[in-house]
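Peer 1: Sharing a structure below in structure tokens format, with a few things to ask.
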Amino acid sequence: MSSVLVDNIGELVTNGAGEGPLGLHRDAAVLVEEGRVAWVGPSAHAPAADRRVDVGGAAVLPGFVDSHAHLVFAGDRAAEFGARMAGAPYTGGGIRTTVGATRAATDEELRANLRRLRGEALRQGTTTMEIKSGYGLTVADEARSLRIAAEASGETTFLGAHVVPAEYADRPDDYVGLVCGPMLAAAAPYAKWIDVFCERGAFDVDQARAILASGQAARLGVRIHANQLGPGQGVQLGVELGAASVDHCTHLSDADVDALAGTAHRDGSGTRTVATLLPGAEFSTRSPYPDARRLLDAGVTVALATDCNPGSSYTSSMPFCVALAVREMRMTPAEAVWAATAGGARALRRDDIGILTPGARADLVVLDAPSYLHLAYRPGVPLIRQVMRNGVTP
Ligand code: NIG
Ligand code: FE
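Going by full-length UniProt numbering, the sequence shown opens with residue 1, and the numbers climb by one from there.
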């Protein structure tokens, strides 16, 4: 059994026991064995290992857990972004443009684009990435999107209910029937989760409920895009169904916040519905940011994710999202780093990632900086010096 000691860590974020909400340790070391964290403690008391990596006083944190990304698509929508920056609104209507490009692409083109984005994210410290379908919107194209997604991640999400495709524009309920029936059946073998874009212009709350309930019957976990472009009932639907996460949460009523804050007891398991905030989307659609402070102060569990997609948020960078959340959403750097690591893990109902405590997966990031604070303090600077995934440098 070969072991690696990551040693001479100036500041270690564990998200477990330690100083403050991030469970900090100073002058620390992490012993990695068989892809897992085997020991964490002071450098001075570190056990022997087959190999030692001296990080020279740098900060080390759990790899980022990006719990919301749309990576199976072709083409881009730079012109749409340009038009928005000149004043055009974001409506989600451009999703159909990407659907056309995705249907026309070969498997290899989709795979290459996904690999490119996954590589970008990894270089920026993302060690786990959820990947949604949602740009195929036929039985065959959704199934192949998920098959390709599953080659890259175990966290795959069926989003056949992204929008109603043009060919079903005048019979949306037939499309909902297709999603709940043959499309779900073809997608489910490759998917862990089901998601719906519950928003005006996409799917209403009754359609979303029917689709998510079908997914639950097929043993998929529930997540939902909700309250992004305006107020609505999506957040409360997500809570009602015991969703692992409700995502966006940009336009929330007091009742929405109360529902999220009260979810710990809903399903009797003490498991919360996480509010996943996606500040890249507000950045790229020039919209007001969600109020993270209000959620945190109410006791809601908050995660941060990129929403990486070619329309509303074409960034794969979790450090960028951390910096935005601190500057624009009234999160402290510690809250933002927790939300981008442990919060993302909660949003995926995972207890083996987003933390660096014995038994956890050895997914970690070495910063080119002495403290996690630099992730927000030095925005736009490539601070990820080294990434370890399952105990190895990919
Ligand atoms: O999460 N909101 C719906 N889906 C994506 C946008 C997709 C697109 O514009 O292509 C989102 O923001
Ligand atoms: Fe999204």
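For each residue, glycine too, the CB sits at the ideal point set by N, CA and C.
Does the ligand ATP have even one heavy atom less than 7 Å from the beta-carbon of N15?
Peer 2: As presented, the structure is devoid of the ligand ATP, carrying the ligand NIG and the ligand FE as its sole ligands.
Peer 1: With respect to the beta strand (DSSP E) encompassing R349, which residues constitute its N-terminal and C-terminal limits?
Peer 2: Here R349 belongs to no beta strand (DSSP E), and DSSP marks it neither H nor E.
Peer 1: Is any heavy atom in the ligand NIG found nearer than 7 Å to the beta carbon of H225?
Peer 2: Yes.
Peer 1: Quick check: L220 and K192, are their CB atoms within less than 8 Å of each other?
Peer 2: Yes. Within cutoff.
Peer 1: Can you confirm whether the region 6 to 16 touches the region 55 to 65 when touching is taken to mean that 3 or more C-beta pairs between the two stretches lie within less than 8 Å?
Peer 2: The region 55 to 65 vs the region 6 to 16: in contact.
Peer 1: Could you check if D173 belongs to the surroundings of the ligand FE, using beta carbon to heavy atom distance under 7 Å?
Peer 2: For the ligand FE, not one heavy atom lies less than 7 Å from the Cβ of D173.
Peer 1: In the DSSP assignment, find the alpha helix (DSSP H) that holds I194 and state where it starts and stops.
Peer 2: Where I194 is concerned, there is no enclosing alpha helix (DSSP H), although the beta strand (DSSP E) it sits in stretches over 193 to 198.
Peer 1: What are the start and end residues of the beta strand (DSSP E) that includes A367?
Peer 2: Per the sequence shown, residue 367 should be read as Leu rather than Ala. Where L367 is concerned, the enclosing beta strand (DSSP E) stretches over 364 to 367.
Peer 1: DSSP has P62 in a bridge; who is on the other side?
Peer 2: Answer is L364, bridged to P62.
Peer 1: Would you kindly check if the distance between the Cβ of G242 and the Cβ of A303 is under 8 Å?
Peer 2: No, these two residues do not count as a Cβ contact at 8 Å.
Peer 1: Report buried or exposed for N390, applying the criterion of at least 16 other Cβ atoms within 10 angstroms of its Cβ.
Peer 2: Exposed, by the Cβ-count rule.
Peer 1: S371: which of Q207, L12, H45 sits nearest, CA to CA?
Peer 2: Per the Cα distances, L12.
Peer 1: Would T393 be called buried (16 or more neighbouring beta carbons within 10 Å of its own) or exposed?
Peer 2: That one is exposed.
Peer 1: Since T127 and D351 should fall inside the 8 Å C-beta cutoff, what is the C-beta to C-beta distance between them, to a whole number of angstroms?
Peer 2: The pair is not a contact, with the Cβ atoms about 15 Å apart (cut-off 8 Å).
Peer 1: With distances taken from CA atoms, which of T276, V72, G311, I224 is nearest L296?
Peer 2: Taking only the C-alpha atoms, the option nearest L296 is T276.
Peer 1: Rounded to a whole number of angstroms, what is the C-alpha to C-alpha distance between A29 and A186?
Peer 2: Looking at the two C-alpha atoms, the distance is approximately 46 Å.
Peer 1: Determine the burial state of E130: buried for a count of at least 16 other Cβ atoms within 10 Å of its Cβ, exposed for fewer.
Peer 2: Answer is buried; the Cβ neighbour count reaches 16.
Peer 1: Nearest by alpha-carbon distance to V139: which of G280, A161, R118 is it?
Peer 2: Comparing Cα positions, the closest option is A161.
Peer 1: Within the present structure, is the beta-carbon of D66 separated from the nearest heavy atom of the ligand FE by less than 7 Å?
Peer 2: Because no heavy atom of the ligand FE lies under 7 Å away, the Cβ of D66 does not count as near it: no.
Peer 1: Going by DSSP in three states, N15 sits in which element: helix, strand or coil?
Peer 2: Coil, per DSSP.
Peer 1: Note the first and the last residue of the continuous beta strand (DSSP E) segment covering M129.
Peer 2: Note, M129: beta strand (DSSP E), 126 to 129.
Peer 1: From which residue to which residue does the alpha helix (DSSP H) around V239 run?
Peer 2: Here the alpha helix (DSSP H) through V239 covers 234 to 240.
Peer 1: For A49, does the three-state DSSP call read helix, strand or coil?
Peer 2: Coil.
Peer 1: Pairing CB atoms from the region 315 to 324 with CB atoms from the region 91 to 101, are three or more of them under 8 Å?
Peer 2: As far as the Cβ criterion goes, the region 315 to 324 does not touch the region 91 to 101, which means the pair count is below three.
Peer 1: Buried or exposed: where does M318 fall if 16 or more other Cβ atoms within 10 Å of its Cβ makes it buried?
Peer 2: So M318 ends up on the buried side.
Peer 1: From S214 to G232, what does the alpha carbon distance come to, in whole angstroms?
Peer 2: Answer to the nearest angstrom: the Cα atoms are 21 Å apart.
Peer 1: What residue range is occupied by the uninterrupted alpha helix (DSSP H) comprising L110?
Peer 2: That run of the alpha helix (DSSP H) goes 107 to 123.
Peer 1: Please list, in chain order, all residues of the same chain as P182 whose beta carbon is under 7 Å from its beta carbon, the five residues on each side excluded.
Peer 2: Taken in chain order, the residues that qualify are V139.
Peer 1: Out of A342, A347, P288, point me to the one whose CA is closest to R361's CA.
Peer 2: For the residues A342, A347, P288, the minimum Cα distance to R361 belongs to A342.
Peer 1: Quick test of your reading: N227 and H70, contact by CB under 8 Å. State the CB separation rounded to the nearest angstrom.
Peer 2: 18 Å between Cβ atoms; not a contact.
Peer 1: In whole angstroms, give me the CA-to-CA distance for E34 and S253.
Peer 2: In a straight line, the C-alpha of E34 is about 47 Å away from that of S253.
Peer 1: Thinking C-alpha only, which one of T332, M388, Y377 is nearest L356?
Peer 2: Cα-wise, what sits closest to L356 is M388.
Peer 1: Determine the direct distance from the alpha carbon of R51 to that of F283, and round the result to whole angstroms.
Peer 2: Looking at the two C-alpha atoms, the distance is approximately 43 Å.
Peer 1: If you follow the alpha helix (DSSP H) that Q216 is in, where does it begin and where does it stop?
Peer 2: Counting along the chain, the alpha helix (DSSP H) containing Q216 begins and ends at 205 to 217.
Peer 1: If contacts are defined as beta-carbon pairs under 8 Å, then P172 and V179 qualify, I think. What distance do you get, rounded to the angstrom?
Peer 2: With 8 Å as the limit, P172 and V179 do not qualify as a contact, their Cβ atoms being about 10 Å apart.
Peer 1: Between the alpha carbons of residue 427 and G125, how many angstroms are there, rounded?
Peer 2: Residue 427 falls outside the range modelled here, since the chain spans only 1 to 394, and no answer is possible.
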